[in-house]
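A.B. asks: Residue numbers (this note's numbering), protein chains in the order written: chain A, 25 to 291; chain B, 7 to 266.
First the structure, which I've put down as structure tokens, then a few questions once you've had a look.
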Amino acid sequence: MPDPLVRLENVSFAYGERTILRDISLSIPRGKVVAIMGGSGCGKTTLLRLIGGQEKAVGGQVQVDGQDVATLGRDALYAMRRRMGMLFQFGALFTDMTVFDNVAFPLREHTDLPAEMINDLVLMKLHAVGLRGAARLMPGELSGGMARRVALARTIALDPMLLMYDEPFTGLDPISLGVIGQLIRRLNDALGASSVIVTHDIQESLLIVDYIYFISEGKVVAEGTPDEIRHTRDPFVHQFVHAEVDGPVPFHYPSDDYAAALTGGKA
Amino acid sequence: MGGGIRKLGSVAIDVVWQLGFIARFFWLILVYSGQSFTRLNLTIRELYFSGVLSLLIILVSGLFVGLVLGLQGYEILQRYGSSDSMGTMVALSLLRELGPVVAGLLFASRAGSAVTAEIGLMKVTEQLKAMDMMAVSPIARVVAPRFWGGVISMPLLAAMFSTMGIFGGWLIGVVFIGIDDGAFWSQMQAAVDFRYDVLNGVIKSCAFGVAVSLIAVFQGYDCVPTAEGVSRAITRTVVSSALAILALDFVMTSFMFRGL
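Pasting the structure below:
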């Protein structure tokens, strides 16, 4: 089996006293689309930040393409990030630039290509996400789904080896959601890249990903292919897949005994 | 008693930590300033937003300050029979103090707050993070050009404020009150020294430009990325800039104009 592109080995992370991840190990194989799922605040986005080198693990190792991210200096980290692309939750488009300039931004910053070639490349990337006709619009004129697609075009501008998606389906209508899902799969295959999707949209993810990790309370609690996940008896995954209100993830926030609180007159 | 001392110590540590953080931030701006000058269009754009768009308020305020100086100056000077010195009084007041200080305060309110809001909102909408993930330093691309745009704009705006103020003083003194035109300008020319008055005023406005721009970009970059956080950062920019300008003005005036 070839070396995975991303490998996390016994990674722990904490914000001060608050532990976010405990001894997590997982890998993202080359050419595959992997989803990382879990409830809000379980540390999914932190995982992306660790892979991108925006945070450093307090224990364990994060390797990307054989390099230990935590040991990279600023220049080496930036060199690695040029081969990565990250799609933020709401696109994070530069609001003072047109759609065209947003997609051209990484090309202008990191290459010395002539303007004509940048023009062609930007139009190709926008065409790939179906928004060549929106090149002259400002981000404020786009719908949420269109903004996400423009951000996707910007993310793939430099043909990255690794694509990271932070909640790409949040707040989208069903059509936009399907479009983004299909684009993630198609672009990954067309670019020969690897993708990590952090999401809690189970139904869309099951259609497009190759492998899924479930995270809860900072640990990997389940993993498998979409087929394995659909048929698993694991109570956490079952609750997640079927959107059950109560289960291993309780409905109530931990509190004192209800009857005692009512009779004692305090919350 | 013990609690009070602990609280004082904690506040002192916070202030020292904050100052150290600002100093490191300032150092990073200087280190990453290369792009502001090699890709001059980034800085020119900020010069337009901080400088050109502040022109209206600076020119109008300068005119009114000059008009008021003319009225007040004439009222006082005529008591001593020296109303011909009005040009001198207006020019020295503006070049030494009012030009740099009032222009600095207006600049902090108009341009400084806008810079803080812009950088703060870029932080809220993850644009700075996105830039960093694209291997483009936000300090080099966003912060440094805005800092230098402010530093360059400020002395130019102060000069225009003073010029407009002198024009306002001339309007009141010569056109409306009837002071001799020749006396107004010749006394001003004789009394105003280029190095002592004009240059010191320019040095002051440069120092205010650095202080206001640094405070504005720092508050935007350091703000809590929420609507409330940005609003607080803007308030801090205006308040801290005003205090910094007035404190720096006192310190510099005490060194520059001791009358020795």
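Note that CB positions come from ideal geometry on N, CA and C, so glycine has one too.
1) Of all Cβ atoms in chain A, is any one closer than 8 Å to the Cβ of Thr-131 of chain B?
2) Closer than 9 Å, Cβ to any Cβ of chain A: which residues of the stretch 141–153 of chain B, in chain order?
3) Please report the residue range of the beta strand (DSSP E) in which Phe-124 of chain A lies.
4) With distances taken from CA atoms, which of B:Gly-57, B:Arg-102, B:Asp-255 is nearest Ile-172 of chain B?
5) By alpha-carbon positions, which one of B:Phe-256, B:Val-130, B:Met-262, B:Asp-187 ends up nearest to Ser-237 of chain B?
6) Alpha carbon to alpha carbon, how far is Val-218 of chain B from Asp-225 of chain A?
7) Alpha carbon to alpha carbon, what distance is there between Gly-174 of chain B and Val-198 of chain B?
8) Since Phe-118 of chain A meets chain B, which of its residues come closer than 7 Å, beta carbon to beta carbon?
9) With a threshold of 8 Å between beta-carbons, can Tyr-189 of chain A be considered close to chain B, or not?
10) Beta-carbon of Ala-29 of chain B versus every beta-carbon of chain A: anything under 8 Å?
11) Once DSSP output is grouped into helix, strand and coil, what is the label at Thr-287 of chain A?
12) Just reading off the beta strand (DSSP E) that Arg-6 of chain A is part of, what are its end residues?
13) Using a Cβ-Cβ cutoff of 7 Å, what residues of the stretch 247–263 of chain A are near chain B? List them in chain order.
14) Going by DSSP in three states, Ile-204 of chain A sits in which element: helix, strand or coil?
15) To the nearest angstrom, report how far apart Pro-278 of chain A and Ala-285 of chain A are at their CA atoms.
16) With three or more C-beta pairs closer than 8 Å as the rule, is the stretch 67–82 of chain A touching the stretch 106–116 of chain B?
17) Is there a Cβ of chain A sitting closer than 8 Å to that of Ala-239 of chain B, yes or no?
18) Are the CB atoms of Pro-28 of chain A and Leu-111 of chain A nearer to each other than 8 Å?
19) Which residues does DSSP list as the beta-bridge partners of Glu-247 of chain A?
20) At a CB distance below 9 Å, what residues from the stretch 125–141 of chain A approach chain B? Give them in sequence order.
21) Give me the Cα-Cα distance between Leu-75 of chain B and Thr-194 of chain A, rounded to the nearest whole angstrom.
22) Under 8 Å, with one C-beta from each stretch per pair, do the stretch 30–42 of chain B and the stretch 144–152 of chain B reach the 3-pair mark?
23) So is Ala-136 of chain B in contact with chain A if we call contact Cβ pairs under 8 Å?
24) Determine whether the beta carbon atoms of Ile-60 of chain A and Val-222 of chain A lie at a separation below 8 Å.
25) Where does Leu-161 of chain A sit, in a helix, a strand or coil, going by DSSP?
26) Using 8 Å as the Cβ pair cut-off and three pairs as the minimum, do the stretch 127–142 of chain B and the stretch 75–93 of chain B touch?
27) Of the residues A:Gly-65, A:Ala-159, A:Ile-199, A:Arg-98, which one's Cα is nearest the Cα of Lys-80 of chain A?
28) Would you give the residue range spanned by the beta strand (DSSP E) that Ala-141 of chain B belongs to?
29) Return the chain-ordered list of same chain residues with a C-beta closer than 6 Å to the C-beta of Val-146 of chain A, the five sequence neighbours on each side being excluded.
30) Given that Met-121 of chain A touches chain B, what residues does it touch there, using C-beta distances under 7 Å?
31) Spatial neighbours of Glu-228 of chain A within its chain, please: CB distance less than 7 Å, with the 5 preceding and 5 following residues excluded, ordered by chain position.
32) Alpha helix (DSSP H) containing Glu-228 of chain A: first to last residue?
33) Is Met-139 of chain B close to chain A? Criterion is C-beta to C-beta, closer than 8 Å.
34) Is Met-258 of chain B helix, strand or coil when you go by DSSP?
35) Which residue or residues does DSSP assign as beta-bridge partners of Ile-209 of chain B?
36) Are Phe-214 of chain B and Gly-110 of chain B close, meaning C-beta to C-beta below 8 Å?
C.D. replies: According to the structure data:
1) yes
2) Ala-141, Val-142, Ser-143, Arg-147
3) Element bounds for Phe-124 of chain A: not the beta strand (DSSP E) but the alpha helix (DSSP H), 123–134.
4) B:Arg-102
5) B:Val-130
6) 46 Å
7) 18 Å
8) Gln-133
9) no
10) no
11) helix
12) Limits of chain A in this structure are 25 at one end and 291 at the other, which puts residue 6 of chain A out of reach.
13) none
14) helix
15) 13 Å
16) no
17) no
18) no
19) A:Tyr-237
20) Phe-129, Pro-130, Glu-133, His-134
21) 60 Å
22) yes
23) yes
24) yes
25) coil
26) no
27) A:Arg-98
28) From DSSP, Ala-141 of chain B is part of no beta strand (DSSP E); its letter is neither H nor E.
29) Phe-124, Val-127, Ala-128
30) In chain order: nothing, as chain B lies at least about 10 Å away.
31) Phe-193, Leu-201, Gly-205
32) 226–232
33) yes
34) helix
35) Its beta-bridge partners do not exist; DSSP assigns none.
36) yes
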